[in-house]
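The next block holds one structure in the form of structure tokens; read it before the comments.
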Amino acid sequence: MKIKRIQAYWLRCPIPAGRQWRSDYGQLTHFDMTLVEVEDTDGNKGYGEAKAAVGATGACASIVTCIDQELAPQLMGKEVGDITALWETIYSGSRDHYARDRGRVFPILGNRGTTISALSGIDTALWDLKGKRLGVPVLELLGGACRDYMPCYASGGWADKDQLGDQLRGYVDHGYGGIKMRVGVMDETVNRTVDRVGEAHRALGPDIDIMADAHGTFSVTEARRFARQTEDLNLYWLEEPVSPDNKAGTAEVRRGTTTPIAAGESEFTRFDFRDLLEHRAVDILQPDCAIVGGITEARRVAALAETWQLELAPHCWGSAFSFMAGVHLAFSSPSAVYIEHSLGGNPLLYDLVKEPPQVKNGRIQCPDRPGLGMEINPDFVAQFTVTF
Numbered sequence: 004m005k006i007k008r009i010q011a012y013w014l015r016c017p018i019p020a021g022r023q024w025r026s027d028y029g030q031l032t033h034f035d036m037t038l039v040e041v042e043d044t045d046g047n048k049g050y051g052e053a054k055a056a057v058g059a060t061g062a063c064a065s066i067v068t069c070i071d072q073e074l075a076p077q078l079m080g081k082e083v084g085d086i087t088a089l090w091e092t093i094y095s096g097s098r099d100h101y102a103r104d105r106g107r108v109f110p111i112l113g114n115r116g117t118t119i120s121a122l123s124g125i126d127t128a129l130w131d132l133k134g135k136r137l138g139v140p141v142l143e144l145l146g147g148a149c150r151d152y153m154p155c156y157a158s159g160g161w162a163d164k165d166q167l168g169d170q171l172r173g174y175v176d177h178g179y180g181g182i183k184m185r186v187g188v189m190d191e192t193v194n195r196t197v198d199r200v201g202e203a204h205r206a207l208g209p210d211i212d213i214m215a216d217a218h219g220t221f222s223v224t225e226a227r228r229f230a231r232q233t234e235d236l237n238l239y240w241l242e243e244p245v246s247p248d249n250k251a252g253t254a255e256v257r258r259g260t261t262t263p264i265a266a267g268e269s270e271f272t273r274f275d276f277r278d279l280l281e282h283r284a285v286d287i288l289q290p291d292c293a294i295v296g297g298i299t300e301a302r303r304v305a306a307l308a309e310t311w312q313l314e315l316a317p318h319c320w321g322s323a324f325s326f327m328a329g330v331h332l333a334f335s336s337p338s339a340v341y342i343e344h345s346l347g348g349n350p351l352l353y354d355l356v357k358e359p360p361q362v363k364n365g366r367i368q369c370p371d372r373p374g375l376g377m378e379i380n381p382d383f384v385a386q387f388t389v390t391f
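Residue numbers (my numbering): 4 to 391.
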């Protein structure tokens with residue numbers, strides 16, 4: 004079966020006023036995504052997401068243009084099932100035949116950033132399409148499920164110290180055994196961050212796992228201070244303590260604490276994750292299928308986690324398609340423990356598809372529907388597509 008059409012859409016959807024939040028990114032008022040649709044010659048369609056930013060918002064015009072004008076023409080008429088070969092076609096460009104013949108990559112100049120994000124959306128859509136054509140969930144194509152269900156952690160925690168306990172207890176009341184809260188420069192000082200995390204621990208007690216996400220905003224010195232002052236709280240992990248540009252700094256933080264260090268949502272391809280591992284910078288790997296290079300590359304990162312005996316925790320902050328891509332990946336890997344579940348007001352997670360992902364009592368069941376398991380809501384796409 005051949006590729007007939009690849010189409011990208013920039014969707015921008017407002018967040019309801021009562022569910023907006025403020026972090027180091029500022030006041031979040033809307034979500035953006037690049038929706039990628041791949042259609043075969045029989046009319047079957049698969050969907051994926053490409054991200055312009057790790058956070059909720061970011062202009063997607065360049066990704067749409069990259070897909071429509073640069074990448075899609077390279078893939079027209081090719082076999083939809085040859086996902087690995089198609090990945091190499093994009094990553095190595097006109098030298099992809101060397102990559103296949105000689106067993107190593109010959110990357111184009113755009114081997115990070117916009118091109119890889121665009122590749123991520125196409126690749127995920129191809130996996131979705133292949134699963135639908137074969138009538139099986141994507142995780143079956145990845146080797147099958149390692150478990151029947153997985154626990155989710157509630158991803159939120161933006162409130163100040165006075166309101167934080169109530170916010171986090173609200174998550175736990177819905178059955179979550181783990182929560183993630185935002186920390187770092189948004190608190191202005193390390194002491195304020197330490198106080199907020201201490202309040203979270205007091206509110207939830209020792210039996211709830213607490214993850215602290217600094218969004219890469221601490222300096223190395225600040226991150227080391229924070230880790231030292233919170234070590235007795237037994238955080239489940241400290242996420243992106245310093246800038247992803249500073250892998251040596253992340254490693255320095257890790258050497259100075261017993262708190263596990265998580266990172267990876269800002270990384271492109273398995274090669275960036277290799278660098279994290281060579282620096283011995285992390286305990287938990289967090290590939291984002293909408294950034295890292297799609298499900299194909301995320302599975303390679305999962306293999307690194309399995310090889311190095313580290314935890315895999317896919318970054319699942321985005322639309323229903325990147326969320327479910329991470330879910331299928333996690334279910335297929337013995338290294339995965341938790342699924343991230345956004346508690347922000349995200350219409351792209353719930354309204355973009357006709358039957359949104361279901362998390363009940365803090366856990367998600369093993370996917371059993373073909374592909375990524377979702378059907379697009381065309382009215383939503385039509386309403387929120389940005390023209391430019």
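Every residue, glycine too, gets a C-beta built ideally from N, C-alpha and C.
TODO: Could you tell me which residues DSSP pairs with MET184 in its beta bridges?
DONE: Per DSSP, the beta-bridge partners of MET184 are ALA215.
Open item on the list: Determine whether the beta carbon atoms of ILE287 and TRP240 lie at a separation below 9 Å.
Closed with: For ILE287 and TRP240, yes; Cβs fall inside 9 Å.
Open item on the list: Using CA atoms only, rank isn't needed, just tell me which of SER97, ASP35 and GLY46 is closest to VAL67.
Closed with: With respect to the C-alpha of VAL67, the residue from SER97, ASP35 and GLY46 having the closest C-alpha is ASP35.
Open item on the list: Rounded to whole angstroms, what is the Cα-Cα separation between ASP216 and ALA102?
Closed with: If you take the alpha carbons of ASP216 and ALA102, they lie about 37 Å apart.
- [ ] Report the rounded CA-to-CA distance for ALA88 versus VAL256, giving the unit in angstroms.
- [x] Looking at the two C-alpha atoms, the distance is approximately 39 Å.
Open item on the list: Does THR37 come out as helix, strand or coil in the three-state DSSP assignment?
Closed with: It is a strand residue.
Open item on the list: Below 8 Å, how does it come out for the segment 122-135 and the segment 80-95: are there three or more Cβ pairs, yes or no?
Closed with: Contact between the segment 122-135 and the segment 80-95 is present, because at least three Cβ pairs lie under 8 Å.
Task: Straight-line Cα distance separating CYS369 from GLY208 - done: A direct Cα-Cα distance of roughly 29 Å separates GLY208 from CYS369.
Open item on the list: Within a Cβ cutoff of 7 Å, which residues of the same chain sit near PHE387, ignoring the five residues on either side of it in sequence?
Closed with: If we look at PHE387 and ignore the five residues flanking it on each side, its Cβ neighbours are LEU14, ARG15 and CYS16.
Task: For LEU38 and VAL384, the rounded distance between their alpha carbons - done: Cα atoms of VAL384 and LEU38: separation of roughly 9 Å, rounded to the nearest angstrom.
- [ ] Can you tell me which of the three DSSP states SER123 falls into?
- [x] Of the three classes helix, strand and coil, the one that applies to SER123 here is helix, per DSSP.
Open item on the list: As a quick exercise: from THR117, LYS5 and GLY124, pick the residue whose alpha carbon is nearest that of LEU78.
Closed with: The shortest C-alpha separation from LEU78 is found at LYS5.
Open item on the list: Below 8 Å on the Cβ atoms is my contact criterion, and I expect LEU346 with ALA157 to pass it. Report the Cβ-Cβ distance as a whole number of Å.
Closed with: Rounded, the Cβ-Cβ distance is 5 Å, consistent with contact.
TODO: Determine, using beta carbons only, whether ARG199 and LEU167 come nearer to each other than 9 Å.
DONE: Closer than 9 Å, so yes.
Task: Burial state of GLN312 (16 or more Cβ within 10 Å) - done: A residue is called buried once 16 or more other Cβ atoms fall within 10 Å of its Cβ, and GLN312, having fewer, is exposed.
Task: Test item: CB-CB of ALA301 and PRO290 under 9 Å - done: In this structure, ALA301 sits near PRO290, with a CB-CB distance shorter than 9 Å.
Task: In DSSP terms, what HIS344 is bridged to - done: Partner(s): ALA157.
- [ ] Consult DSSP for CYS369 and reduce its assignment to one of helix, strand or coil.
- [x] Residue state, collapsed to three classes: coil.
TODO: Locate the alpha helix (DSSP H) running through TRP90, then write down its first and last residues.
DONE: TRP90 -> alpha helix (DSSP H) spans 86-95.
Task: Close beta carbons around LEU352, own chain, < 8 Å, minus the five adjacent residues each side - done: Close CB contacts of LEU352 within its chain, under the 8 Å cut and outside five residues either way in sequence, are with GLY321, SER322, ALA323, PHE326, SER345, PRO359 and PRO360 (chain order).
Open item on the list: With distance defined between alpha-carbon atoms, name the residue in THR224, GLY138 and ASP151 nearest to ARG366.
Closed with: Nearest of THR224, GLY138 and ASP151 to ARG366, Cα basis: ASP151.
Task: Selected residue, minimal CA-CA separation from TYR12, among GLN72, VAL139 and ARG22 - done: Selection GLN72, VAL139 and ARG22 evaluated against TYR12 yields GLN72 as nearest (Cα-Cα).
Task: Through-space distance from ARG231 to GLU242, alpha-carbon basis - done: Going from the Cα of GLU242 to the Cα of ARG231 covers about 15 Å.
TODO: Check whether the Cβ atoms of ALA392 and ILE342 lie closer than 9 Å to each other.
DONE: Outside the modelled stretch of the chain, which goes from 4 to 391, sits residue 392, for which no answer is possible.
- [ ] Can you give me the start and stop residues for the beta strand (DSSP E) that GLN10 sits inside?
- [x] Taken as a continuous stretch (DSSP letters only), the beta strand (DSSP E) holding GLN10 covers 6-17.
Open item on the list: So, at 8 Å on beta carbons, what are the nonlocal neighbours of THR261 in its own chain, with the 5 sequence-adjacent residues on each side left out?
Closed with: Excluding sequence neighbours, THR261 sits near GLU234.
Open item on the list: Helix, strand or coil for SER269? Go by DSSP, reduced to three states.
Closed with: In the structure shown, SER269 falls within a coil segment according to DSSP collapsed to helix, strand and coil.
TODO: Give the DSSP-derived three-state secondary structure of LEU1 in the structure shown.
DONE: What the structure shows of the chain is the stretch from 4 to 391, and residue 1 is not part of that stretch, so it cannot be assessed.
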